[in-house]
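Take a look at the structure below.
Residue numbers (our numbering): 1 to 78.
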């Protein structure tokens, strides 16, 4: 039976390099999308926190002072 022409080693290398480049492009796109998702999550969490602060009727400085006091007490307890 007749076989098709075999690819040379250079053609095989070129084909593999092309596959790798394509996969690398897809990987980079997925990494960008993941980073966007992390940013969206962070934004939602900050919006939720801001809503809680507003509902509590405290200013950001008071929140910072409360957190600072909590951290100091926690470090003393450890």
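All C-beta atoms in this analysis are idealised placements derived from N, C-alpha and C, irrespective of residue type, glycine included.
Under the three-state reduction of DSSP output, residue 58 falls in the coil class, being neither helix nor strand.
Taking C-beta atoms under 8 Å as the contact rule, residue 60 and residue 53 qualify, at a distance of about 7 Å. In the three-state scheme derived from DSSP, where H, G and I count as helix and E and B as strand, residue 24 is classed as helix.
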